[in-house]
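Everything below concerns the one structure shown next.
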Amino acid sequence: MEKPERLNNHVIQGTQIMVDFVGRMPEDSDFNGIKLLLQQLFLKAKVETSELANFVIERNYVGSVVKQGGDDDEDDDDDEDDVNDVFGITTVINISQGQNQNCIKQLRKVLADYSNDYASDTTNALIKSILENDSAALGLIISERFVNIPADIAVPLLENLISDMKRAVNKKMPYDFQYYVLISKLYKPKNTPGKKKKRGVEEPELIWSNPEEEIFTEDAMCSFEFSVDKESDTSAWADDDEEMVPHRRVMLFEATKLPSIIEKIKKELAH
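Using the numbering used here, the final residue of the sequence shown is 1045, and nothing's skipped along the way.
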């Protein structure tokens, strides 16, 4: 990312404050904020998020962090301020066979374990074959942000990610992917034994932490999901008196589909 990209003004949920967000290259001072966002995605999975955060920062020519506009001149060494300064991270990580970094090996194992434990036999076989195929470059898309950041911020971030990858490929860097995998956060109603459905009240649908990621399901080659209720510190939460349980959905799709997915997101958000 060559320079800050303005991501428009947004109203933070629950307040009347207009916030101007910008996308910037990740830098060393973003370490704590990036690590926190990675932790909220992977929870207690065996992924060294400190190493992964450093990995992202070292490859800051691809991807961007979301920050509040006007923070350029602020210089604060307080760790808590560093955490609060990063509102989101969008990047892609090459997790193909042959990547030797420890955090990448951990990501590959976590994905393989998720697939083996929760995917159908057909899906598991497909994911396993891609992970073991040296010629099938696989990128893990990380698209994490705090829950009160609006969905329309995702479009410029994803468009910028594509541009970053094109520049990297032109420089012979390993960002020419055949497939992408995305791990989405979502919430589903808790099935409580003996609980009766209220008459005339619709059962709540699943809730996507990043609403635009539901659109990825339309082009996914395969997907599977699982509960992370036991891994989450917050456990279930209530939405209109209905307990919601945190889940993860893993989606695999062809890299050529990403531009059209972004266009679908644009159209959906325009409604």
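Virtual Cβ for every residue (Gly too), placed ideally from N, Cα, C.
Three-state secondary structure (DSSP) of residue i
i               : result
aspartate 887   : helix
arginine 833    : coil
methionine 1018 : strand
leucine 817     : coil
methionine 878  : The identity of residue 878 in the sequence shown is isoleucine, whereas the question assumes methionine. It is helical.
glycine 913     : strand
isoleucine 863  : strand
asparagine 868  : strand
proline 963     : strand
glutamate 1005  : coil
isoleucine 981  : strand
glutamate 906   : coil
alanine 827     : helix
alanine 893     : coil
isoleucine 808  : helix
glutamate 933   : helix
proline 924     : coil
glutamate 1037  : helix
methionine 947  : coil
Pick from the options that is closest to residue i, judged by C-alpha positions
i                 : options                            : result
lysine 959        : Glu988, Met939, Gln952, Gln842     : Glu988
threonine 865     : Val943, Tyr961, Met939             : Met939
arginine 1023     : Thr1030, Ile1035, Leu1032, Val1002 : Val1002
phenylalanine 998 : Gln952, Asn890, Pro963             : Asn890
glutamine 842     : Asn828, Ile863, Ile831, Lys1031    : Ile863
isoleucine 916    : Lys809, Asp794, Glu1042            : Lys809
asparagine 907    : Ile831, Lys820, Gly872, Glu825     : Gly872
threonine 823     : Met1025, Tyr954, Cys877            : Cys877
methionine 1025   : Asn828, Leu912, Ile957, Leu826     : Ile957
methionine 799    : Leu812, Glu825, Glu832, Val821     : Glu832
asparagine 898    : Cys996, Lys1004, Ile1036, Phe1000  : Cys996
phenylalanine 861 : Asn828, Ala925, Lys820             : Ala925
Spatial distance of residue i from residue j (CA atoms)
i                 : j                 : result
leucine 932       : aspartate 895     : 31 Å
histidine 1045    : lysine 1038       : 11 Å
tyrosine 892      : leucine 885       : 11 Å
lysine 964        : proline 1020      : 9 Å
asparagine 834    : lysine 962        : 34 Å
glutamine 880     : aspartate 887     : 10 Å
tyrosine 949      : glutamate 1028    : 14 Å
aspartate 802     : phenylalanine 816 : 21 Å
serine 1034       : valine 796        : 24 Å
serine 983        : alanine 910       : 29 Å
aspartate 847     : aspartate 794     : With a pLDDT of 48 at aspartate 847, under the threshold of 50, the predicted position of this residue should be treated as unreliable, and no value is reported.
lysine 1041       : glutamate 1017    : 31 Å
lysine 1031       : lysine 818        : 31 Å
glycine 807       : lysine 946        : 30 Å
serine 870        : valine 943        : 15 Å
leucine 826       : leucine 1043      : 31 Å
isoleucine 927    : phenylalanine 951 : 24 Å
phenylalanine 805 : asparagine 868    : 19 Å
Counterpart residues of residue i in DSSP-defined beta bridges
i                 : result
serine 958        : Arg1023
phenylalanine 990 : Looking at the DSSP assignment, phenylalanine 990 forms no beta bridge with any residue, so it has no partner.
tyrosine 953      : Leu912, Glu1028
glutamate 999     : Arg1023
phenylalanine 795 : Gln842
glutamate 918     : Ile863
Whole-number beta carbon distance between residue j and residue i, since they are thought to touch under 8 Å
i           : j               : result
leucine 905 : arginine 882    : 6 Å
glycine 837 : leucine 912     : Contact flag wrong, Cβ pair sits at about 16 Å.
valine 955  : leucine 914     : 5 Å
valine 840  : arginine 919    : 6 Å
valine 921  : isoleucine 1036 : At roughly 22 Å, the Cβ-Cβ gap does not stay under 8 Å, so valine 921 and isoleucine 1036 are not in contact.
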